[in-house]
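S.K.: The structure that follows is given in the form of structure tokens.
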Amino acid sequence: MTPPRVRFAPSPTGYLHVGGARTALFNWLYAQHTGGTHVLRIEDTDRERSTEEHTRIILDGLRWLGITWDEGPYFQGEYAARHQADAERLLAEGKAYRCFCTREELDAQRTRAEGGGVGFRYDRRCFKLTPAQVQERIRSGAPSTIRFIMDDEEIAWDDAVHGRISFQGRDLDDFVILRSDNSAIYNLAVVSDDIAMRISHVIRGDDHISNTPKQIALYRALGQTPPVFAHVPMILGADGKKLSKRHGATAVGDYQEQGILPAAMRNFLALMGWSPGGDREILPEDEMIRLFTLDGIQKKAAVFDTTKLEWMNGQYLSALPANELLEPVRRQLDHMGIQGLGDLRPLIDSVKARSRTILHVAEQVAVRLDPDRSALDAKGEALIRKMGSGFARSLGLASA
RNA sequence: GGCGCUAUCGUCUAGGGGACUAGGACGGGGCCCUCUCAAGGCCCAAACACGGGUUCGAAUCCCGUUAGCGCUACCA
Numbered sequence: 053m054t055p056p057r058v059r060f061a062p063s064p065t066g067y068l069h070v071g072g073a074r075t076a077l078f079n080w081l082y083a084q085h086t087g088g089t090h091v092l093r094i095e096d097t098d099r100e101r102s103t104e105e106h107t108r109i110i111l112d113g114l115r116w117l118g119i120t121w122d123e124g125p126y127f128q129g130e131y132a133a134r135h136q137a138d139a140e141r142l143l144a145e146g147k148a149y150r151c152f153c154t155r156e157e158l159d160a161q162r163t164r165a166e167g168g169g170v171g172f173r174y175d176r177r178c179f180k181l182t183p184a185q186v187q188e189r190i191r192s193g194a195p196s197t198i199r200f201i202m203d204d205e206e207i208a209w210d211d212a213v214h215g216r217i218s219f220q221g222r223d224l225d226d227f228v229i230l231r232s233d234n235s236a237i238y239n240l241a242v243v244s245d246d247i248a249m250r251i252s253h254v255i256r257g258d259d260h261i262s263n264t265p266k267q268i269a270l271y272r273a274l275g276q277t278p279p280v281f282a283h284v285p286m287i288l289g290a291d292g293k294k295l296s297k298r299h300g301a302t303a304v305g306d307y308q309e310q311g312i313l314p315a316a317m318r319n320f321l322a323l324m325g326w327s328p329g330g331d332r333e334i335l336p337e338d339e340m341i342r343l344f345t346l347d348g349i350q351k352k353a354a355v356f357d358t359t360k361l362e363w364m365n366g367q368y369l370s371a372l373p374a375n376e377l378l379e380p381v382r383r384q385l386d387h388m389g390i391q392g393l394g395d396l397r398p399l400i401d402s403v404k405a406r407s408r409t410i411l412h413v414a415e416q417v418a419v420r421l422d423p424d425r426s427a428l429d430a431k432g433e434a435l436i437r438k439m440g441s442g443f444a445r446s447l448g449l450a451s452a
């Protein structure tokens, strides 16, 4: 059996959020476990919202987590010519047609359909155009998109995490695959690229389940066998809703700043929607790789629990030698405006077991470094009070 | 509205017809340790959404209901 090829394909329209990071982790874990290849592809076809800054942040986040890739990053925007060629091939083979409906007309139809309590489905009016009419409109300079013809047949696949999933073609639209500016729509771009990159397993969020039948239809129309699909569950906020800004920290960079260790984050993320079976919780990287399988993946969405993340971080913190904590703690102290330090290791050793984050370690070290507390802010004061006099004394502080 | 997915303690989960008096972890409560706060140890409370089947036997299989979530763009 040839080794699998998987890919993580984020769109650089925002930060690397924990859901994306978890998807990347699963792809990486699967590639590591099977000896396969992990491809990184940046899906930047939404030119309005994609930025290089976001791309950089996503790459940094992956590196921080220790998630590596064997190929790429490829940039989807560079394959526009192939996307267009695929769309035109479909058009030439009679599997797609030109649509001259304007956005306004489409919106009006949609509004009307919804008003009538019916789901909107494109009525194929442009499919009914004669070749002469199509030529006429093109000659007149009317802009057009290319729509893919969805047949009425059932489309089903054996999902690696959900088992059999099926859709009826009649419930699906003739969807647009090429915009009037000749750029590809997501579903086409993904399929075109996954074919070109010989992706064998598509491991992605299950919010893509409803895109899958469209993509399978595209694979078939393009004469290709679809890959294995594994739709992993979403990560939700504490209120059970899709994770968003109002849930506070959702980007992996936020956790990096809060003093979470990459190993702890990775371990915690792996356990969001995947279980090695049994009672294992703290899993070193090599164990994680050895134990990872697609059928250990949960079907149900998981709520992101930062309290448990912090607990796990505390576990990693206690286990790590002070030596390895030196750099992050020093960086944090620097951030707090505290410098000129001697050997911090003994100090770090004395406080790491009682800490949950690097930030917490640094705060306690700071208390010790500044016995007269002149540079301490209110937070440091509160910390001393919380630690109590016994702790202060144990650090050699003469405080009450 | 339509289509789809999902359903075990508050949360992450184990379990996949009899081993279930449903296990572990976080969080919560209590006790121990301790000059304080943590860490650590011990203990307690806490769940199979509901209703029908199938079966000698269902948390586990099937159907329905309910609820939650996702998608329903010339976004990805």
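Throughout, the numbering used here is defined as the position within the first sequence, counted from one, plus 52. We treat Cβ as the ideally placed atom computed from N, Cα and C, and that holds for glycine. Computed from a prediction, not measured in an experiment: that's the story for all the values here.
(1) Could you give the DSSP three-state label for residue 430: helix, strand or coil?
(2) Kindly indicate the opening and closing residues of the beta strand (DSSP E) around residue 198.
(3) Work out the CA separation of residue 159 and residue 92 for me, nearest whole Å.
(4) Comparing C-alpha positions only, which one of 252, 227, 312 and 191 sits nearest to residue 90?
(5) Classify residue 259 as helix, strand or coil using the three-state DSSP reduction.
(6) Looking at the strands, I want to know which residues DSSP matches up with residue 151.
(7) Considering only residues of the same chain and omitting the five flanking positions on each side of residue 102, which have a CB-CB separation below 6 Å?
(8) Relative to the C-alpha of residue 112, which residue among 305, 354, 74 and 381 is closest?
(9) Can you name the residues that DSSP bridges to residue 304?
(10) What do you reckon, are the CB atoms on residue 124 and residue 257 nearer than 8 Å?
(11) Ignore the nearest five residues each way along the sequence and tell me which others in residue 276's own chain have a CB closer than 7 Å to its CB.
(12) Under 8 Å between the Cβ atoms of residue 412 and residue 311?
(13) Looking at residue 325: is its Cβ nearer than 8 Å to the Cβ of residue 284?
(14) Mind reading off the beta-carbon distance from residue 229 to residue 198? Whole number of angstroms is fine, and I expect it under 8 Å.
(15) Return the first residue and the last residue of the beta strand (DSSP E) that residue 220 is part of.
(16) Going straight from the alpha carbon of residue 406 to that of residue 364, what length do you get?
(17) Output the distance between the C-alpha atoms of residue 75 and residue 145, rounded to the nearest integer angstrom.
(18) Any idea which residues DSSP pairs residue 349 with across the strands?
(19) Measure the C-alpha to C-alpha separation of residue 384 and residue 336 and round it to an integer number of angstroms.
(20) Work out the CA separation of residue 359 and residue 56 for me, nearest whole Å.
(21) What are the start and end residues of each continuous beta strand (DSSP E) run of 3 or more residues lying completely inside the segment 96-120, in chain order?
(22) Which residue marks the beginning of the alpha helix (DSSP H) containing residue 400, and which one marks its end?
M.R.: Inspection of the coordinates gives the following:
(1) Any reading at residue 430 needs caution, since the residue's pLDDT is 48, under 50, leaving its predicted position unreliable; the model's value is listed next. Correct three-state label for residue 430: helix.
(2) 197-200
(3) 36 Å
(4) 252
(5) helix
(6) 197
(7) 64, 65 and 96
(8) 305
(9) None, per the DSSP bridge assignment.
(10) no
(11) 247
(12) yes
(13) yes
(14) 5 Å
(15) 215-220
(16) 13 Å
(17) 36 Å
(18) 326
(19) 26 Å
(20) 36 Å
(21) none
(22) 397-404
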